[in-house]
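Participant: Residues in the sequence shown are numbered from 6 upward in steps of one, following our numbering.
By construction, the Cβ of each residue, glycine as well, lies at the ideal position given by its N, Cα and C atoms.
Predicted model, so just to flag it, every value in this text is computed and none were measured.
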Amino acid sequence: MGTRNQIVLIQRNALSSAGRIHRRTHMITKTGLCLLAVLPLLACAQALAAESVAQRRQQVYAAAAQGLAGLPALQRALGDESPLVRRPAIRALLDLGAPAEKALTEALDSADPVVRRAALLALVGEPTAAALPHLNRALADEDVSLRQSAVNLLIAITPRTEGVLALLSRYANDKAPEVQVAAALALAASGDSPSAFSVQPPDRVPLRRRPDMVDHISRIVTAQTIPLSRDGWRFRIDPSAEGHVQNWFAPAYDDATWSEMPIEAFWTPDYIGVGWYRTTLDLPDRPDHLAAELVFEAVDETAWVWVNGVYVGGQDVGPDGWDKPFRVDVTEEVRWQASNQITVRVLNTAYAGGIWKPVRLDALKLK
């Protein structure tokens with residue numbers, strides 16, 4: 006290509022680039038001008054909205070000053086789009102007392118959890134069995150803090166009627182751990198309930214803790230170890246903590262409808278409360294031994310154990326016991342060359358629970 010043609014091509018490219026730059030600059034300028042024109046409008050709209058919220062808030066205060074005459078306006082304000090209007094309205098309704106009960110009941114449907122919680126607390130007042138319909142409704146609320154307030158109100162109701170205990174059982178299966186724990190502990194330790202759980206501690210201890218073995222601990226050895234199978238266990242949750250009343254530990258109790266649940270694993274992660282395990286252990290000929298002990302490497306977190314229908318002990322040290330091994334003496338209860346029924350009641354107050362480590366039977370003797 007000749008020099009002249011090259012020069013012409015360079016000039017054309019330069020003109021084309023200049024044109025593109027001009028067009029882009031023009032577009033940017035137009036966009037900037039548009040934004041400059043819109044921004045004041047947006048600012049104006051925001052100012053008007055803020056002024057409108059402030060005005061509606063002042064109207065709430067004015068309605069509150071009217072006493073009962075302002076009740077309709079306060080009730081309407083509960084549906085306002087701004088929490089700055091809704092929340093002063095619910096506070097004003099609380100001050101009106103009984104005449105505002107209908108409005109407070111409707112406030113339980115508010116989109117604002119603060120409004121719903123305030124309405125619930127006002128409607129329940131001093132907790133009695135009359136509040137059960139409101140507390141039952143609160144169980145379905147999506148706000149955890151509201152359900153936590155509701156279960157605390159429920160726990161405060163005395164006496165604990167069947168209706169109260171039944172609702173506590175439902176709260177014990179709540180998806181929020183803080184709600185589950187409160188309800189489960191109330192059920193498990195309820196002194197007002199005719200079905201409150203209690204057992205008579207056994208009058209014996211594992212061999213190594215016996216006073217007559219103090220000078221012989223070093224001589225204690227395991228004559229035979231029989232591991233309990235990981236599988237073959239039956240399991241059932243006990244949200245109302247009443248399984249002991251129904252004799253779930255009895256050898257003749259029919260557990261055919263219970264779920265199959267292996268040990269050495271946690272139970273369902275979202276259940277807080279009491280659960281029961283049942284299994285059978287077929288033992289061989291009686292070995293030469295001084296004592297027989299069931300050994301649990303860990304149960305989360307509190308455990309009570311029955312062998313052939315007899316309570317033999319367990320571990321009850323609270324949440325700290327979730328990973329602690331323990332032993333129970335079963336020398337008098339086990340039947341050699343026979344089938345033995347074993348039941349374990351477990352209480353868990355946080356996260357997952359259950360018999361999550363192996364269990365075995367140790368036959369001990371002196372060497």
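(1) Using a threshold of 7 Å, is the CB atom of Pro-324 nearer than that to any non-hydrogen atom of the ligand SAH?
(2) How big is the Cα-Cα spacing for Pro-244 and Gln-229?
(3) How about Leu-376 and Leu-295: do their beta carbons lie closer than 8 Å?
(4) How close, in whole Å, do the beta carbons of Ala-308 and Arg-350 come, if the pair is a contact with beta carbons under 8 Å?
(5) Any idea which residues DSSP pairs Leu-369 with across the strands?
(6) Leaving out five residues on either side along the sequence, give the residues of the same chain with a beta carbon under 6 Å from the beta carbon of Ala-123.
(7) If we ignore side chains and look at the alpha-carbon of each, how far apart do Gly-84 and Leu-73 end up?
(8) Measure the Cβ-Cβ separation of Val-364 and Leu-233 and say whether it is below 8 Å.
(9) For a quick check, are the C-beta atoms of Tyr-176 and Leu-159 less than 8 Å apart?
(10) Candidates Val-333, Lys-362 and Glu-183: which alpha carbon is nearest Ile-277's?
(11) Sorted by chain position, which residues of the same chain lie with C-beta nearer than 7 Å to Lys-372's C-beta, five sequence neighbours on each side aside?
(12) May I ask you to report which of helix, strand or coil DSSP gives Pro-232?
(13) Of all the options Gly-102, Gln-251 and Val-65, which has the alpha carbon lying nearest to the alpha carbon of Ser-87?
(14) On the three-state DSSP scale, how would you describe Thr-110?
(15) Helix, strand or coil, according to DSSP, for Leu-286 in the structure here?
(16) Would you tell me roughly how many angstroms separate the C-alpha atoms of Val-335 and Ile-231, rounded to the nearest one?
(17) Name the DSSP bridge partner or partners of Arg-239?
(18) Return the CA-CA distance between Leu-101 and Leu-79, expressed in angstroms with no decimal places.
(19) Counting only runs of 3+ residues fully inside the region 316-362, write out the beta strand (DSSP E) ranges in chain order.
(20) Run through DSSP, which three-state label would Val-184 get?
(21) Work out the CA separation of Arg-291 and Ala-378 for me, nearest whole Å.
(22) Which of the three DSSP states is assigned to Asp-305 in this structure?
(23) Could you check which residue in Ala-70, Asn-313 and Glu-111 has the C-alpha nearest to that of Thr-284?
(24) Return the CA-CA distance between Arg-152 and Arg-142, expressed in angstroms with no decimal places.
(25) Using the beta-carbon count (16 or more within 10 Å), is Ile-33 buried or exposed?
(26) Could you tell me the distance, in whole angstroms, from the CA atom of Gly-359 to the CA atom of Lys-329?
(27) Could you check whether Val-90 and Ala-134 sit closer than 8 Å to each other, using their CB atoms as the reference points?
(28) Have a look at Arg-431 and Glu-298 and give me their C-alpha separation to the nearest angstrom.
(29) Can you grab the Cα-Cα spacing for the pair Leu-288 / Gly-319, in whole Å?
(30) Can Val-333 and Val-317 be called in contact, C-beta distance under 8 Å?
(31) Let's test the definition: count the other Cβ atoms within 10 Å of the Cβ of Asp-114 and tell me whether it reaches 16, buried, or not, exposed.
(32) Residues bridged to Gly-278 by DSSP?
(33) Between Leu-172 and the rest of its own chain, which residues show a CB-CB distance below 7 Å, the 5 nearest in sequence each way excluded?
(34) Tell me whether the beta-carbon of Ala-155 lies closer than 8 Å to the beta-carbon of Leu-128.
(35) May I ask you to report which of helix, strand or coil DSSP gives Val-90?
(36) Can you list, in chain order, the residues of its chain whose CB lies under 7 Å from that of Asn-345, leaving out five sequence neighbours each side?
Facilitator: On the basis of the coordinates in this document:
(1) Among the components modelled here there is no ligand, and therefore nothing to report on the ligand SAH.
(2) 38 Å
(3) Nothing about residue 376 can be reported from this structure: the residues present for the chain run from 6 to 372 only.
(4) 7 Å
(5) Partner(s): Thr-227 and Ala-296.
(6) Counting only Cβ-Cβ distances below 6 Å, and skipping sequence neighbours, we find Ile-95.
(7) 19 Å
(8) yes
(9) yes
(10) Glu-183
(11) The answer, listed in chain order, is Arg-224 and Val-226.
(12) strand
(13) Val-65
(14) helix
(15) strand
(16) 13 Å
(17) Glu-265 and Arg-283
(18) 11 Å
(19) 331-334 and 344-353
(20) For Val-184, the secondary structure class from DSSP, reduced to helix, strand or coil, is helix.
(21) Residue coverage of the chain in this structure runs from 6 to 372, which leaves residue 378 outside it and unanswerable.
(22) strand
(23) Asn-313
(24) For Arg-152 and Arg-142, the distance between alpha carbons rounds to 10 Å.
(25) Below a pLDDT of 50, predicted positions are generally treated as unreliable, and Ile-33, at 43, falls in that range; the measurement from the model is reported next regardless. Ile-33 should be labelled exposed.
(26) 13 Å
(27) no
(28) Coverage of the chain is limited to positions 6 through 372, which leaves residue 431 absent and any answer about it impossible.
(29) 21 Å
(30) yes
(31) Under this definition Asp-114 is an exposed residue.
(32) Within the DSSP secondary-structure output, Gly-278 pairs in a beta bridge with Asn-353.
(33) Leu-137, Leu-140, Asn-141 and Leu-159
(34) no
(35) helix
(36) Cβ neighbours of Asn-345 within its own chain (closer than 7 Å, five residues either side excluded): Thr-285, Leu-286, Leu-288, Val-312, Asn-313 and Val-339.
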